[in-house]
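Written below as structure tokens is the structure these notes are about.
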């Protein structure tokens with residue numbers, strides 16, 4: 017249900033922009049107004065969500081430890097997987113954010129011969145995820161060429177590296193292709209692995225279709241239909257310098273591409289895509305396991321009702337005395353006191 | 012009680028998800044998979060809400076009239092108190108990396124035992140009431156109303172999670188199902204939904220100082236039985252002290268080790284060791300529980316039970332605290348105690364009086380683990396060991412969930428094992444250290460009425476033991492957790508007969524050469540030592 021719904025939604029969105037630009041001539045709406053709204057939604061929404069998380073207290077230090085703790089001097093600590101210092105935490109987070117360390121641990125468990133569990137090599141999700149995210153990042157950076165004039169050197173360098181391969185005497189950007197391949201893989205595994213399909217929601221398919229649409233239209237424009245790049249850059253620069261204009265003659269493919277990007281970024285803060293910000297705050301990963309050395313403060317720690325030793329001794333005094341356990345109060349004094357008060 | 016199926020019947024697991032979507036698939040309260048509800052008296056003892064007689068099999072769970080309001084308000088409150096909860100509700104992308112990491116999923120094939128779906132049980136309700144998308148789009152956004160059936164599903168599956176944190180090792184965002192289960196159980200407790208195997212130990216521990224509810228004189232007697240056995244085996248008579256002021260160290264083992272085999276053997280090993288090195292320590296009858304079933308109830312209950320350790324250490328005027336071999340106990344001590352009940356500024360940084368080692372990694376909490384203490388003794392050559400006394404055994408080591416994934420106590424017990432026995436074999440890499448598998452009965456699920464589920468949940472662990480049993484002839488599964496010592500023996504009996512279970516310090520006790528001991532002919536189990544051949548081949 018989620019799959020069909022998402023596909024329908026994305027198709028409707030594409031149809032909407034097609035009709036809007038081609039039939040109604042709303043190129044200013046789709047070329048200027050919507051991009052501004054989308055960008056504002058993205059920035060405000062993203063910041064709002066991160067601030068909201070950031071404001072929530074972290075009452076306990078609960079890292080998931082994945083290696084040897086720091087204890088005796090002659091036992092080798094795993095300083096990254098079980099960090100006890102800030103630099104260890106930074107290293108752990110860097111590995112997690114840049115290389116998906118935890119996902120790299122993935123294996124596939126299988127029951128063979130109906131009685132033996134075996135754990136098989138399974139790094140495809142890690143590989144697919146890593147390629148997808150890195151490609152996406154590089155593609156985004158490459159697009160800076162449209163927003164900045166002159167084009168910064170690092171953008172040129174990335175383009176050069178990315179476009180190393182020539183196909184029919186034309187530079188083909190590797191990341192553009194990889195992005196499409198990876199996102200397709202992520203979609204296929206979601207549909208074909210029964211368990212993953214079973215847990216998938218519309219919110220899981222929707223971004224996949226939107227990103228697929230973005231990648232496809234991008235590739236079509238670059239290699240097949242040839243949009244008017246000068247006009248596109250004029251529009252992009254106009255947006256970027258808050259001096260928007262809509263040049264004539266930009267292909268509808270571009271409007272679809274741009275609109276899907278707008279959909280993606282404005283959907284971003286309301287969705288699971290916020291994992292991009294969330295990973296940095298995850299308390300099982302971004303805290304040091306130094307609980308026994310440095311006291312962690314819970315801002316809402318409050319006193320609780322406890323059963324005190326005195327109450328305990330009052331209840332068991334006779335039995336404790338009988339087995340010779342030391343007592344705080346010899347019960348007989350209490351009786352004497354009580355007798356005195358009565359008098 | 013439900014009849015336990017045979018192992019081959021149990022392994023007839025269907026991993027294909029049902030035809031119906033998970034929100035349309037109701038829970039089947041099949042006997043053997045769920046646990047009896049908490050007794051009203053126990054709830055009353057600790058002041059938990061809605062004490063009553065009820066059964067999960069009944070249609071009417073006798074909930075308070077405004078139960079829905081209570082749960083949603085409780086959820087709202089906790090979202091404001093725990094960043095972890097907010098993040099874990101919001102950031103999951105349902106990639107499925109966690110799915111086959113859960114022992115209950117591997118042993119049952121039930122998709123709601125996939126960590127992702129266990130969390131979705133709560134997430135779906137969260138979306139409905141706390142997110143914009145869920146409020147507007149409802150079902151299509153993965154949101155659903157909180158109904159009695161949803162609540163029943165929560166009860167079933169959040170008491171079918173052992174809070175072992177294995178899934179959180181593999182999650183790319185570190186989403187920790189233990190955290191979600193802990194908070195879900197807090198919510199369930201608000202309307203009186205809990206299980207007796209947790210609530211009654213909690214009530215016992217609160218009033219009497221230990222989960223088993225043993226009164227002070229009973230405790231002293233039980234320890235005496237252990238020292239009598241030690242005297243019979245070694246010829247050395249050990250004098251213990253309880254509630255003694257002015258001792259240097261307060262020693263707190265889990266109470267499970269005092270009363271049942273094979274935990275008793277492990278505790279005997281610890282008592283022998285502490286006697287042999289002449290440590291000035293005392294036991295306490297008031298703080299006679301290392302474990303903390305409050306952890307499986309609520310953060311507040313955890314704090315209420317844990318408070319006794321520092322209170323007793325302060326009353327007795329000891330310098331530092333030594334803790335026994337117990338799993339979840341160390342989650343509490345390592346990740347919660349100091350924050351909840353500290354600062355322990357009346358104690359000193361632990362220093363071993365025997366070796367002079369200063370345990371700086373515990374300089375704030377002032378409590379160290381017995382394997383840290385023993386490893387240090389061995390490293391500094393302070394005790395004499397004869398590992399050949401454990402030659403009957405081919406030993407492997409089960410990392411308990413909490414010491415490995417909430418602490419990282421991996422090498423200390425291994426170092427000890429290497430020194431006290433001659434035959435040690437590791438289980439496969441994917442099943443040890445931070446990837447260790449749960450015994451199937453942690454987090455308060457070690458009851459008898461859910462035996463089928465325990466055997467299912469423990470299957471991945473047993474499967475790895477069987478591997479080393481067949482490959483190396485392993486016949487002894489060692490561990491550092493009292494729940495393990497209670498739960499693993501029936502698991503081994505069911506899946507891998509001929510493999511026994513022991514605590515690490517049982518093997519220390521066997522190997523320990525004591526001053527003035529007689530010739531040892533029996534190990535701590537009163538079995539003859541040094542048999543000529545390996546019986547297990």
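Protein chains in written order, with our numbering: chain A, 17 to 359; chain B, 12 to 548. For glycine and all other residues, C-beta sits at the position ideal for the given N, C-alpha and C. Treat the numbers as computed from the prediction; the structure is a model and nothing was measured.
So what does DSSP say about residue 35 of chain B, is it helix, strand or coil?
-> Locating residue 35 of chain B in the second chain gives position 24, where the first residue counts as 1. Here residue 35 of chain B sits in helix by DSSP.
Beta-carbon neighbours of residue 220 of chain A, restricted to chain B and to distances below 8 angstroms | Sequence index remark: in the first chain, residue 220 of chain A carries index 204 (1-based). The contacting residues are 104, 105.
Determine whether the Cβ of residue 156 of chain B lies closer than 8 angstroms to any Cβ atom of chain A.
-> Position 145 of the second chain holds residue 156 of chain B. Chain A contact via Cβ: absent.
Short CB-CB distance (under 8 angstroms) between residue 186 of chain A and chain B | Against the first chain, residue 186 of chain A aligns to sequence position 170. No - not a single Cβ of chain B is within 8 angstroms of the one on residue 186 of chain A.
Can you name the residues of chain B whose CB is closer than 7 angstroms to the CB of residue 323 of chain A?
-> Along the first chain, one-based indexing puts residue 323 of chain A at 307. When 7 angstroms is used as the limit between beta carbons, residue 323 of chain A is near these residues of chain B: 217, 218, in chain order.
Find out if the Cβ-Cβ distance for the pair residue 135 of chain A, residue 437 of chain B is shorter than 8 angstroms.
-> Residue 135 of chain A sits at position 119 when you count from the first residue of the first chain. Residue 437 of chain B sits at position 426 when you count from the first residue of the second chain. Taking the C-beta atoms as reference points, residue 437 of chain B is found no nearer than 8 angstroms to residue 135 of chain A.
Residue interval of the beta strand (DSSP E) (run including residue 551 of chain B) = In the structure as shown, chain B begins at 12 and stops at 548. Residue 551 of chain B is therefore absent and cannot be evaluated.
Kindly indicate the opening and closing residues of the alpha helix (DSSP H) around residue 312 of chain B.
-> As a working note, residue 312 of chain B is residue 301 in the second chain. Counting along the chain, the alpha helix (DSSP H) containing residue 312 of chain B begins and ends at 310-327.
Quick one: is residue 147 of chain A near chain B, going by C-beta distance under 8 angstroms?
-> Here residue 147 of chain A corresponds to residue number 131 of the first chain, with the count starting at 1. Answer no: the Cβ-Cβ gap between residue 147 of chain A and chain B never drops below 8 angstroms.
Residue range of the beta strand (DSSP E) that includes residue 407 of chain B = Indexing the second chain from 1 puts residue 407 of chain B at position 396. In this chain, the beta strand (DSSP E) harbouring residue 407 of chain B covers 406-409.
In chain order, what residues of the same chain have a beta carbon less than 7 angstroms from the beta carbon of residue 544 of chain B, not counting five sequence neighbours either side?
-> Against the second chain, residue 544 of chain B aligns to sequence position 533. Unreliable positioning characterises residue 544 of chain B in this predicted model, as indicated by a pLDDT of 49, which lies under 50. The coordinate reading is nonetheless provided below. Non-local C-beta neighbours of residue 544 of chain B in its own chain, meaning closer than 7 angstroms and more than five positions away in sequence, are absent.
Would you identify the three-state DSSP class for residue 77 of chain B, choosing helix, strand or coil?
-> As a working note, residue 77 of chain B is residue 66 in the second chain. Residue state, collapsed to three classes: coil.
Under 7 angstroms Cβ to Cβ from residue 69 of chain B, same chain only, skipping five residues before and after it: list those, please.
-> Here residue 69 of chain B is taken as the residue at index 58 of the second chain, counted from 1. Closer than 7 angstroms at the Cβ level, and outside the excluded window around residue 69 of chain B, lies no residue.
Along chain B, which residues have their Cβ under 7 angstroms away from the Cβ of residue 82 of chain A?
-> Sequence index remark: in the first chain, residue 82 of chain A carries index 66 (1-based). 180, 445, listed in chain order.
Euclidean distance between Cα positions of residue 282 of chain B and residue 184 of chain B = Indexing the second chain from 1 puts residue 282 of chain B at position 271. Indexing the second chain from 1 puts residue 184 of chain B at position 173. Note on geometry: alpha-carbon atoms of residue 282 of chain B and residue 184 of chain B lie some 43 angstroms from one another.
Under 8 angstroms, do residue 48 of chain B and residue 61 of chain B count as touching if we go by C-beta distance?
-> Here residue 48 of chain B refers to the residue found at position 37 of the second chain. Here residue 61 of chain B refers to the residue found at position 50 of the second chain. In this structure, residue 61 of chain B does not lie closer than 8 angstroms to residue 48 of chain B by Cβ.
Does any CB atom of chain B fall closer than 8 angstroms to the CB of residue 109 of chain A?
-> As a working mapping, residue 109 of chain A is identified with position 93 in the first chain. Contact with chain B is absent for residue 109 of chain A, since none of that chain's Cβ atoms lies less than 8 angstroms from the residue's Cβ.
Minimum Cβ-Cβ distance from residue 297 of chain B to chain A less than 8 angstroms | Position 286 of the second chain holds residue 297 of chain B. It does: the Cβ of residue 297 of chain B has a partner Cβ on chain A nearer than 8 angstroms.
Based on the DSSP output, what are the partners of residue 288 of chain A in its beta bridges?
-> Along the first chain, read from residue 1 onward, the residue named residue 288 of chain A stands at position 272. DSSP, once it has assigned bridges, lists no residue as partnering residue 288 of chain A.
What residue from B:28, B:109, B:394, B:451 has the CA that sits closest to residue 210 of chain A's CA?
-> Sequence index remark: in the first chain, residue 210 of chain A carries index 194 (1-based). Nearest neighbour of residue 210 of chain A by Cα position, chosen from B:28, B:109, B:394, B:451, turns out to be B:28.
Determine the direct distance from the alpha carbon of residue 170 of chain B to that of residue 228 of chain A, and round the result to whole angstroms.
-> For the purposes of this step, residue 228 of chain A is taken as the residue at position 212 of the first chain. For the purposes of this step, residue 170 of chain B is taken as the residue at position 159 of the second chain. For residue 228 of chain A and residue 170 of chain B, the distance between alpha carbons rounds to 41 angstroms.
Could you tell me the boundaries of the beta strand (DSSP E) in which residue 516 of chain B lies?
-> The residue you call residue 516 of chain B lines up with position 505 of the second chain. Counting along the chain, residue 516 of chain B falls outside any beta strand (DSSP E), though it belongs to the alpha helix (DSSP H) covering 515-522.
Cβ of residue 51 of chain B within 8 angstroms of Cβ of residue 41 of chain B?
-> In the second chain, counting from the first residue as 1, residue 51 of chain B sits at position 40. In the second chain, counting from the first residue as 1, residue 41 of chain B sits at position 30. It is not a contact, given that the beta carbons lie outside the stated cut-off.
Compare the C-alpha of residue 193 of chain B against each of B:536, B:143, B:375, B:310 and name the closest.
-> Walking along the second chain from the start, residue 193 of chain B turns up at place 182. Answer by Cα proximity: B:310.
By Cβ distance below 6 angstroms, which residues in the same chain neighbour residue 90 of chain B in space, the five residues on each side in sequence not counted?
-> Sequence index remark: in the second chain, residue 90 of chain B carries index 79 (1-based). Counting only residues of its own chain and dropping the five nearest sequence neighbours on each side, residue 90 of chain B has a CB closer than 6 angstroms to the CB of 96, 97.
Own chain residues within Cβ distance below 6 angstroms of residue 203 of chain B, not counting five before or after = What you label residue 203 of chain B is simply residue 192 of the second chain in a count that begins at 1. Closer than 6 angstroms at Cβ, skipping near neighbours: 60, 61.
I think residue 518 of chain B touches residue 409 of chain B, with their Cβ atoms under 8 angstroms apart; what is that distance to the nearest whole Å?
-> Indexing the second chain from 1 puts residue 518 of chain B at position 507. Indexing the second chain from 1 puts residue 409 of chain B at position 398. Wrong, their Cβ atoms sit about 13 angstroms apart, outside the cutoff.
Can you give me the start and stop residues for the beta strand (DSSP E) that residue 135 of chain A sits inside?
-> By 1-based counting over the first chain, the position of residue 135 of chain A is 119. Per DSSP, residue 135 of chain A belongs to the beta strand (DSSP E) from 132-137.
Classify residue 287 of chain A as buried or exposed, calling it buried when 16 or more other Cβ atoms lie within 10 Å of its own Cβ.
-> Position 271 of the first chain, counting from 1, holds the residue named residue 287 of chain A. Counting Cβ neighbours within 10 Å, residue 287 of chain A comes out buried, since at least 16 surround it.
I think residue 298 of chain A touches residue 105 of chain B, with their Cβ atoms under 8 angstroms apart; what is that distance to the nearest whole Å?
-> As a position in the first chain, residue 298 of chain A is number 282, starting the count at 1. As a position in the second chain, residue 105 of chain B is number 94, starting the count at 1. The beta carbons of residue 298 of chain A and residue 105 of chain B sit about 17 angstroms from each other, so the pair does not count as a contact at 8 angstroms.
Could you tell me the distance, in whole angstroms, from the CA atom of residue 102 of chain B to the CA atom of residue 433 of chain B?
-> For the purposes of this step, residue 102 of chain B is taken as the residue at position 91 of the second chain. For the purposes of this step, residue 433 of chain B is taken as the residue at position 422 of the second chain. Each residue's alpha carbon lies about 48 angstroms from the other.
Using a Cβ cut-off of 8 angstroms (strictly closer), state whether residue 61 of chain A contacts chain B.
-> For the purposes of this step, residue 61 of chain A is identified with residue 45 of the first chain, where counting begins at 1. No, residue 61 of chain A lies away from the interface with chain B (no Cβ there is under 8 angstroms from its Cβ).
Identify every run of the alpha helix (DSSP H) within the stretch 33-68 of chain A, keeping only runs that are complete inside it and at least 4 residues long; order them along the chain.
-> Annotation note: the stretch 33-68 of chain A contains no uninterrupted alpha helix (DSSP H) run of length 4 or greater.
Hey, could you find the ends of the alpha helix (DSSP H) residue 231 of chain B is sitting in?
-> The sequence position of residue 231 of chain B within the second chain is 220, counting from 1. Start and end: 227-245.
My understanding is that residue 449 of chain B touches residue 499 of chain B, with C-beta atoms under 8 angstroms, so please give their C-beta distance in whole angstroms.
-> Start at 1 with the first residue of the second chain, and residue 449 of chain B comes out as number 438. Start at 1 with the first residue of the second chain, and residue 499 of chain B comes out as number 488. Not really, about 10 angstroms apart at Cβ, beyond 8 angstroms.
Who are the neighbours of residue 282 of chain A on chain B, taking C-beta pairs under 7 angstroms?
-> Here residue 282 of chain A refers to the residue found at position 266 when the first chain is read from its first residue. Those do not exist, as residue 282 of chain A stays about 13 angstroms from chain B at its closest Cβ, beyond 7 angstroms.
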